[in-house]
Amino acid sequence: MTSETGAPTVQICANCGGGAPLDVHFCPQCTKILSLGRHGDYFAFLGIPRKLNLDGSELERKFRTLSRQFHPDYFYNRTPPERRASLERSSYLNDAYRTLKQPTARIEYLLEIECASGRASGGASSQVPPSLLEEVFALNEELDTVREMREEGVPLHEWRSRLDRARGPIEAKRAKHERDLEALSAEWDALVDQETNADDRMRVLNLLRERMLERNYIQNLLAGIERELTE
Amino acid sequence: MYSNKVIDHYENPRNVGSLPKDDPHVGTGLVGAPECGDVMKLQVKVNPQTGIIDDAKFKTFGCGSAIASSSLATEWLKGKTVDQALAIKNTDIVNELSLPPVKIHCSVLAEDAIKAAISDYRKKQHGSVTVEEATAQPNA
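Below, the structure written as structure tokens:
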């Protein structure tokens, strides 16, 4: 059995040789822990839908349940393959939880796995719009001016007020960025529920990718402000 | 992790500043690297008589390697024709500055900036020709 992308959708139990779905952790036939060969993505591994607005308490509950099931302490007197499987599954579970509990890491991960399945936009949007670059450049120059003022010994209240004025538009950008990500995340989740066509999904994923490209520019600007304030 | 040449360009950047953006003989390239949030502006001024780049300026907000790459690029651009400028490859910058693999994208950014600046200059030249033709018509 294969998915639409041609990837295998079963894993084989090393103990009894039986087949098992990718998203189970213990062999349905012999009940032994499965070694981490073919496995699902982080969402499938944790048994949660591939959505961006996750219920944090549900995520944590799933994590804790699986943690207990895989914990190497429970496998210390088992066979070496089972002990190894318990370590592999515990380690993968930790990676999955760490990634999915953080909202932006979750978006980046979703983009990664959705694009890996062969429906990437072909890198067409690896650049942000020129207008954003111009804006970011101008704001950086403004921060440079404030830095020079400070270094030239301009009184504190003068450069501070200029820095505060520069901060306004940057904070506004960040706030808009966060709102855009939230709206797109909600849109994505609705598409997951509707099981809609690939074009709609791709459109939302591309918009998400574009928004994510802005992130480092905004964060660098905010870091620049913080630097001025703490130095 | 930085080579002496990178440190030299970082501490004494060449050709920092800007050229008049609206000058028909000035081409401006503004590029960014989303993975690190660096922004780089690079400008060339082409002598209309000789077709040679007389002057080049840059301003980069980013890491030392990005600053050094764009500083070096402006040094190399001066005295070159537009076509020669387009032949500058990011690997030339990597070799000159001994950039480590994690900083190769800085040299790519500099190459992109050169291409963007030249393309802006050419667009202006192309545009100004048609403007001249259009304004020349009534006199003819």
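If you read the sequences in order, they're chains A and B.
Just so we're aligned, residue 1 is where the first sequence starts under the numbering used here, counting upward by one.
Just so we're aligned, residue 1001 is where the second sequence starts under the numbering used here, counting upward by one.
No residue lacks a Cβ here, since even glycine has one placed at the ideal position from N, Cα and C.
Looking at residue i: is its Cβ nearer than 8 Å to the Cβ of residue j?
| i | j | result |
| --- | --- | --- |
| V1016/B | K1059/B | yes |
| L1019/B | F137/A | no |
| C1036/B | N216/A | yes |
| F26/A | L34/A | yes |
| Q1043/B | G1027/B | yes |
| I218/A | I170/A | yes |
| I1053/B | A1085/B | yes |
| V1108/B | N1095/B | no |
| I113/A | D189/A | no |
| A14/A | P81/A | yes |
| P8/A | R38/A | yes |
| L22/A | L46/A | no |
| I1093/B | A1073/B | yes |
| K101/A | L59/A | yes |
| R174/A | L207/A | no |
| K1078/B | A1056/B | yes |
Among residues of its own chain, excluding the 5 on either side of residue i, which ones have a beta-carbon nearer than 7 Å to its beta-carbon?
| i | result |
| --- | --- |
| P1013/B | I1067 and S1071 |
| I146/A | Sequence inspection shows Val at residue 146/A; the Ile mentioned does not correspond to that position. Only W159, R162, L163, A166 and E228 meet the Cβ criterion. |
| Y1010/B | G1064, I1067 and A1068 |
| S1003/B | L1097 and S1098 |
| N1047/B | D1054 |
| E135/A | none |
| T99/A | Y42, A105, R106 and Y109 |
For residue i, which beta-bridge partners are listed by DSSP?
| i | result |
| --- | --- |
| L1042/B | G1029/B and F1058/B |
| P129/A | The partner list for P129/A (beta bridge, DSSP) is empty, contrary to what the question assumes. |
| V1016/B | F1058/B |
| G19/A | I12/A |
| F70/A | The partner list for F70/A (beta bridge, DSSP) is empty, contrary to what the question assumes. |
| I33/A | F26/A |
Excluding the 5 residues preceding and the 5 following residue i in the sequence, name in chain order all residues of the same chain whose CB lies nearer than 8 Å to its CB.
| i | result |
| --- | --- |
| G224/A | N140 and L143 |
| T1081/B | G1051, I1052 and I1053 |
| G19/A | V10, Q11, I12 and C13 |
| D1038/B | G1032, T1060, F1061, G1062, C1063, A1066, C1106 and L1109 |
| V1006/B | G1064, S1065, A1068, L1097, S1098 and L1099 |
| K1021/B | T1028 and Q1043 |
| T2/A | No answer about T2/A holds up, because its pLDDT of 42 lies below 50 and its placement is not dependable. |
| E235/A | Shown here, chain A extends from 1 to 231; a query on residue 235/A therefore has no answer. |
| E148/A | none |
| S90/A | S67, F70, H71 and P72 |
Mapping the DSSP letters down to three states, classify residue i as helix, strand or coil.
| i | result |
| --- | --- |
| T9/A | coil |
| G168/A | helix |
| P81/A | helix |
| V204/A | helix |
| A190/A | helix |
| G153/A | coil |
| D1022/B | coil |
| A138/A | helix |
| Q224/A | Looking at the sequence provided, one finds Gly at residue 224/A rather than Gln. DSSP places G224/A in helix when its eight states are reduced to three. |
| P103/A | helix |
| C1036/B | coil |
| N53/A | coil |
| G40/A | coil |
| G1127/B | helix |
| T1007/B | Per the sequence shown, residue 1007/B should be read as Ile rather than Thr. Looking at I1007/B - three-state DSSP - the assignment turns out to be helix. |
| G76/A | Note that residue 76/A is Tyr in the sequence shown here, rather than Gly. The answer is coil: DSSP assigns Y76/A none of H, G, I, E or B. |
| I113/A | helix |
| I218/A | helix |
| T145/A | helix |
| N197/A | coil |
| E108/A | helix |
| E178/A | helix |
| Y1002/B | coil |
| E88/A | helix |
| F231/A | Per the sequence shown, residue 231/A should be read as Glu rather than Phe. In this structure, E231/A counts as coil in the three-state DSSP scheme. |
Give every residue of the same chain whose Cβ lies closer than 6 Å to the Cβ of residue i, excluding the five residues on either side of it in the sequence, and list them in chain order.
| i | result |
| --- | --- |
| A85/A | I33 and S35 |
| L87/A | P72 |
| Y97/A | F63 |
| P28/A | A20 |
| N53/A | S185 and D189 |
| E1075/B | R1014 |
| C1045/B | Position check: residue 1045/B holds Lys in this sequence, whereas Cys was assumed. For K1045/B, where only same-chain residues beyond five positions count, the Cβ hits under 6 Å are L1019, H1025, V1026, D1054 and D1055. |
| D180/A | R211 |
| Y74/A | none |
Contained beta strand (DSSP E) runs [length at least 3] in the stretch 1040-1125 of chain B, N- to C-terminal order: Qualifying beta strand (DSSP E) stretches, in chain order: 1053-1061.
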